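Read through the structure below, which is laid out as structure tokens, and then see the notes.
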Amino acid sequence: MRICINSSLDQPPVKLDLTRHWYRRGPVAFLLLPLAGLYCLLSRFQRYRLEKKQIRAARSVPVIVVGNISVGGTGKTPMVIWLAEFLFAQGFNPGIVSRGYGGIPQSVPKRVTAKTDARTAGDETVVIARRTSAPVWVFSDRTAAVSACLKEHADIDIIISDDGLQHYRLYRDIEICMIDGSRRFGNGLCLPSGPLRETVQRLKQVDFQVVTAAQTHDLDEYSLQIEGNEVINMHSPSQRYPLTKFQNRKIHAVAGLGNPERFFSQLEQAGMEVMRHPFSDHHHFTLEDLSFPDDAPIIMTEKDAVKCGIFVDQRFWYLPIRAMPDPVLGRAILQRLQEINRGQETAGNTGLPGHQRPADL
């Protein structure tokens, strides 16, 4: 998060990067506390207002929301991919909805496929469409996206919302909150003093807390490891090699992520000499961005790779990743779905929710 300040008419604006202050309680975070307090109040009011207007789809199916309460990458996309494939394996037919961050805003819900231009639909949604068998729909109004998905796909019996924990107009049966295992909640303050969209008290209302890239001993949390052990050539996808191919070699690491440090560290741990090139989350790359003064290999995330296909050559590689959650998590999700199903049957199978979540924190 950056704020531009114009110091004078003949000087370029000064960019204040607030993110580096989010993980300590220093003077900048303290000065912004009044704004953070206002943000917390507004977010609570917004939640209270929108939950009263929640809309359940005409064809009642369970809705699982995967999101977070903090800004930055927490592993939502690999979690959504894992969850879709897990549900397929259990006999479900999931559909996936997303806002399509980083894409061009749509006037109506749009189906995303593996061949959809990521610059139009958003990078994460194209990755999800490439990696799962589920239909993926994007729209700023996720409730409308759910309706479109169910209308076009009669066999869909469960919906996964990629992000949307704060999209309270969307009715949800299960909430999964992703937590970065290394950064956690930073200084514990709301925007702009800290990285939180909502206070940590919000965790009391979610069904599952999933911690990425770290072991957890908290009984309320489930651990999830992010794994990636091979690279794929973007010019010739049939070329797939283990990460050790680039061991002891200089490489350019490119990452347009909310938390690029995790990606860079993974490559360094694999024995590479990493030249780091961080970009903002959902960055739209140009050829100039990737024009480096040498012929060293260029390795990027799959999320970035889907936006760079038009100007790649043999130097370009991407690292696909996958989520490896604690097996207990899958069993717990299935148990929760069974409870929801029994609740709906008790309600007369009228489409009424079998449980209600508290409307306020």
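The opening position of the sequence shown corresponds to residue 228 in our numbering, with each subsequent residue numbered one higher. Glycine is no exception: its CB is placed at the ideal position from the N, C-alpha and C atoms. Fair warning: this is a prediction, and the values are worked out from it, not measured in the lab.
Practice prompt. List the endpoints of the continuous beta strand (DSSP E) containing valine 292.
Written response: For valine 292, the enclosing beta strand (DSSP E) starts and ends at 290–294.
Worksheet item: Around the C-beta of asparagine 475, are 16 or more other C-beta atoms found within 10 angstroms, so that it is buried, or is it exposed?
Response: The residue is exposed, with fewer than 16 neighbouring Cβ atoms inside 10 Å.
Worksheet item: Got a sec? Which residues, its chain only, sit under 7 Å from glutamate 457 by beta carbon, not counting five neighbours each side?
Response: Arg467, Tyr468, Pro469 and Leu470.
Item to complete: State the start and end residues of the unbroken beta strand (DSSP E) segment that holds glutamine 466.
Response: Taken as a continuous stretch (DSSP letters only), glutamine 466 belongs to no beta strand (DSSP E), as it is neither H nor E.
Worksheet entry | Cutoff 7 Å; reference glutamate 312; Cβ partners in own chain excluding five residues on either side | Setting aside the 5 residues that flank it on each side, glutamate 312 is surrounded in the same chain by Thr359, each with a C-beta closer than 7 Å to its C-beta; the list follows chain order.
Worksheet item: Span of the beta strand (DSSP E) holding aspartate 389?
Response: Unbroken beta strand (DSSP E) run through aspartate 389: 385–389.
Worksheet entry | CA nearest to the CA of isoleucine 453, picked from Ala263, Pro289 and Val307 | Residue Val307 is the option with its Cα nearest to isoleucine 453.
Worksheet item: Under a three-way DSSP split, which group does methionine 499 fall into?
Response: It is coil, neither helix nor strand.
Fill in: Best match in Ala348, Gln333, Ile526 and Asn320 for proximity to proline 362 [C-alpha to C-alpha]
Looking at the Cα atoms, Asn320 is the closest of the given residues.
Worksheet entry | Test item: CB-CB of aspartate 447 and arginine 563 under 8 Å | In this structure, aspartate 447 sits away from arginine 563, with a CB-CB distance that is not shorter than 8 Å.
Worksheet item: Thinking C-alpha only, which one of Lys303, Ala441 and Ser325 is nearest histidine 394?
Response: Comparing Cα-Cα distances from histidine 394 to each of Lys303, Ala441 and Ser325, the minimum goes to Ser325.
Practice prompt. Look up isoleucine 548 in the DSSP assignment and say whether it is helix, strand or coil.
Written response: Of the three classes helix, strand and coil, the one that applies to isoleucine 548 here is coil, per DSSP.
Item to complete: Pull up the CB-CB distance for lysine 534 and histidine 511, whole angstroms please, since I reckon it's below 8 Å.
Response: Contact between lysine 534 and histidine 511 holds: CB atoms are separated by about 6 Å, below the 8 Å threshold.
Practice prompt. Flag this pair as touching only if the stretch 400–417 and the stretch 255–270 have three or more C-beta atom pairs under 8 Å; answer yes or no.
Written response: Touching, yes.
Worksheet item: Do the CB positions of alanine 603 and glycine 330 come within less than 8 Å of each other?
Response: The structure shown has nothing for residue 603, since the chain only spans 228 to 588.
Worksheet item: What are the start and end residues of the alpha helix (DSSP H) that includes cysteine 376?
Response: Segment 369–379, the alpha helix (DSSP H) holding cysteine 376.
Worksheet item: Which word fits phenylalanine 366, buried or exposed, when buried means at least 16 other C-beta atoms lie within 10 angstroms of its C-beta?
Response: It is buried - the Cβ of phenylalanine 366 has at least 16 other Cβ atoms within 10 Å.
Worksheet item: Helix, strand or coil for serine 270 per DSSP?
Response: It is helical.
Worksheet item: With distances taken between CB atoms, is the gap from proline 422 to valine 298 smaller than 8 Å?
Response: Proline 422 is a Cβ neighbour of valine 298, given a cutoff of 8 Å.
Item to complete: Could you tell me whether the stretch 550–567 touches the stretch 512–522, using the rule of 3 or more Cβ pairs below 8 Å?
Response: With a cut-off of 8 Å on Cβ pairs, the stretch 550–567 is not in contact with the stretch 512–522, counting fewer than three such pairs.
Worksheet item: Straight-line CA distance for lysine 279 to phenylalanine 519?
Response: A direct Cα-Cα distance of roughly 53 Å separates lysine 279 from phenylalanine 519.
Worksheet item: Apart from the five residues on each side of it in sequence, which residues of its chain come closer than 8 Å, Cβ to Cβ, to glutamine 541?
Response: So the list reads Asn460, His462 and Ser463, once near-sequence residues are dropped.
Item to complete: Find out if the Cβ-Cβ distance for the pair alanine 482, aspartate 531 is shorter than 8 Å.
Response: For alanine 482 and aspartate 531, yes; Cβs fall inside 8 Å.
Worksheet entry | Rounded distance between the beta-carbons of aspartate 508 and leucine 484, thought under 8 Å | Indeed they touch by this definition, with Cβ atoms about 6 Å apart.
Item to complete: In the DSSP assignment, find the alpha helix (DSSP H) that holds lysine 530 and state where it starts and stops.
Response: Where lysine 530 is concerned, the enclosing alpha helix (DSSP H) stretches over 529–532.
Discussion item. Between the alpha carbons of valine 174 and leucine 561, how many angstroms are there, rounded?
Written reply: With the chain covering only 228 through 588, there is no way to say anything about residue 174.
Fill in: Segment contact flag, the stretch 386–402 with the stretch 282–293, C-beta cutoff 8 Å, min 3 pairs
Result yes; three or more Cβ-Cβ pairs closer than 8 Å.
Fill in: Beta-bridge partners of tyrosine 449, as assigned by DSSP
Answer is Val437.
Discussion item. Contact defined as beta carbons within less than 8 Å: I believe glycine 302 pairs with threonine 439. What is the distance between those atoms, to the nearest angstrom?
Written reply: In this structure, glycine 302 and threonine 439 form a Cβ contact; the two beta carbons are roughly 4 Å apart against a cut-off of 8 Å.
Practice prompt. Would you tell me roughly how many angstroms separate the C-alpha atoms of phenylalanine 272 and arginine 424, rounded to the nearest one?
Written response: If you take the alpha carbons of phenylalanine 272 and arginine 424, they lie about 13 Å apart.
Practice prompt. Give the straight-line distance between the Cα atoms of glycine 318 and alanine 381, rounded to the nearest whole angstrom.
Written response: Going from the Cα of glycine 318 to the Cα of alanine 381 covers about 15 Å.
Discussion item. In chain order, what are the residue ranges of uninterrupted beta strand (DSSP E) at least 3 long that sit wholly in the stretch 313–340?
Written reply: Counting only runs of at least 3 residues, the stretch 313–340 fully encloses the following beta strand (DSSP E) elements, listed from N- to C-terminal order: 321–325 and 337–339.
Practice prompt. Go through its chain and collect everything with a Cβ distance to serine 270's Cβ below 6 Å, but skip five positions before and after it.
Written response: Leaving aside the five residues that flank serine 270 on each side, the residues in its chain whose CB is nearer than 6 Å to its CB run, in chain order, Glu425.
Worksheet item: Can you tell me the Cα-Cα spacing of aspartate 516 and phenylalanine 412, whole angstroms?
Response: Here the C-alpha atom of aspartate 516 lies approximately 31 Å from the C-alpha atom of phenylalanine 412.
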